[in-house]
Amino acid sequence: MSNFEQKEYMEIDGVKVSRKRTIVETDTHKRKEVAHEYVSHLPATSELPVVEKYMPGLLSGAIFCGHLVTDMDSIAGSIGAAELYGGTCARASEVNSETRFCLEHWGVEQPAPIEELLVSMPDAGVCLVDHQQTSQLNKAIKVERIVGVIDHHALQNSTIVTDMPIYIDIRPWGSMSTIIAHTFLTM
Numbered sequence: 646m647s648n649f650e651q652k653e654y655m656e657i658d659g660v661k662v663s664r665k666r667t668i669v670e671t672d673t674h675k676r677k678e679v680a681h682e683y684v685s686h687l688p689a690t691s692e693l694p695v696v697e698k699y700m701p702g703l704l705s706g707a708i709f710c711g712h713l714v715t716d717m718d719s720i721a722g723s724i725g726a727a728e729l730y731g732g733t734c735a736r737a738s739e740v741n742s743e744t745r746f747c748l749e750h751w752g753v754e755q756p757a758p759i760e761e762l763l764v765s766m767p768d769a770g771v772c773l774v775d776h777q778q779t780s781q782l783n784k785a786i787k788v789e790r791i792v793g794v795i796d797h798h799a800l801q802n803s804t805i806v807t808d809m810p811i812y813i814d815i816r817p818w819g820s821m822s823t824i825i826a827h828t829f830l831t832m
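Put into structure tokens, the structure is as follows:
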């Protein structure tokens, strides 16, 4: 037996106790030399290529639009996502009084209506923010143009269905804007 496989002896309350290494401990020790051999062939950290942080290409240049009955989370999420991914923010409907107050208070211009942007940007994809149900989708948005969904709501029976894979980021968080803020901080 190697030193590693031998029993350990210790004294507990005046009684000599032995413990044999577990199978995992024994196997780990046996493979230690192989692991060191693999590691010796890895390049030094300074030699590794610089990898850009993951940014979904589908969202670059997209129009980011929230749900009908536009509220602060859908507007803030639209503005934040457009800034983060290099797109254009839009609103699906008129904003409510709370949202209007917030935008005015912080000197932020209301995003343009989605209908106008779909016409002026005919090749842009659309990323839905703060929703993914057809019942909350502005009728001007054709499902074929949807390239992404960033949301915090549960998937339900009227969730959009697309023919092609799209970018999806759905998290059980308190708001869509929290997802965007977190992404800003971690990318």
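All residue numbers for the sequence shown refer to the numbering used here, where the first residue is 646 and numbers rise by one.
Beta carbons are placed, not taken as given, at the ideal position from N, Cα and C, and that holds for glycine.
As the structure is a computational prediction, the values presented were derived from the model and not from experiment.
DSSP-derived helix/strand/coil call for residue i
i              : result
valine 696     : Below a pLDDT of 50, predicted positions are generally treated as unreliable, and valine 696, at 39, falls in that range; the measurement from the model is reported next regardless. Correct three-state label for valine 696: coil.
lysine 675     : helix
leucine 830    : helix
glycine 793    : strand
methionine 646 : In this predicted model, methionine 646 has a pLDDT of only 47, less than 50, meaning its place in the structure is not dependable enough to derive any value.
alanine 799    : coil
isoleucine 824 : helix
glutamine 755  : coil
isoleucine 668 : helix
glutamate 682  : helix
leucine 704    : helix
glycine 819    : coil
With 16 other Cβ atoms within 10 Å as the buried cut-off, status of residue i
i              : result
isoleucine 657 : exposed
proline 756    : buried
leucine 830    : exposed
histidine 776  : buried
leucine 782    : buried
methionine 646 : Annotation note: pLDDT 47 at methionine 646 (below 50); position unreliable, coordinate value reported separately. Exposed.
valine 696     : Any answer about valine 696 is weak, because its pLDDT of 39 lies below 50 and its placement is not dependable; what the coordinates show is given next. The residue in question, valine 696, is exposed, as its Cβ has fewer than 16 Cβ neighbours within 10 Å.
histidine 686  : exposed
aspartate 796  : buried
Residue i: first and last residue of the uninterrupted beta strand (DSSP E) it sits in
i             : result
arginine 745  : Segment 742 to 750 is the alpha helix (DSSP H) holding arginine 745; no beta strand (DSSP E) there.
serine 663    : 660 to 664
threonine 733 : 733 to 736
aspartate 814 : 812 to 815
Residues that residue i bridges to, as DSSP identifies them
i             : result
glycine 711   : Paired residue(s): none; glycine 711 is not in a bridge.
leucine 773   : Cys710 and Val794
glutamine 781 : Glutamine 781 is not bridged to any residue.
threonine 807 : Looking at the DSSP assignment, threonine 807 forms no beta bridge with any residue, so it has no partner.
glutamate 656 : Lys661
Limits of the unbroken alpha helix (DSSP H) element including residue i
i          : result
valine 764 : 759 to 765
serine 719 : 717 to 730
(request) Evaluate the contact criterion for the stretch 660 to 671 versus the stretch 765 to 774: three or more CB pairs, one atom per stretch, below 8 Å. (result) no
(message) Can you confirm whether the stretch 703 to 711 touches the stretch 724 to 740 when touching is taken to mean that 3 or more C-beta pairs between the two stretches lie within less than 8 Å?
(response) Verdict: yes, contact present.
(request) For the stretch 717 to 727 and the stretch 817 to 827, state whether three or more C-beta atom pairs, one from each stretch, are separated by less than 8 Å. (result) yes
(request) Spell out a yes or no on whether the stretch 795 to 805 and the stretch 759 to 769 are touching, meaning 3 or more CB-CB pairs, one atom from each, closer than 8 Å. (result) no
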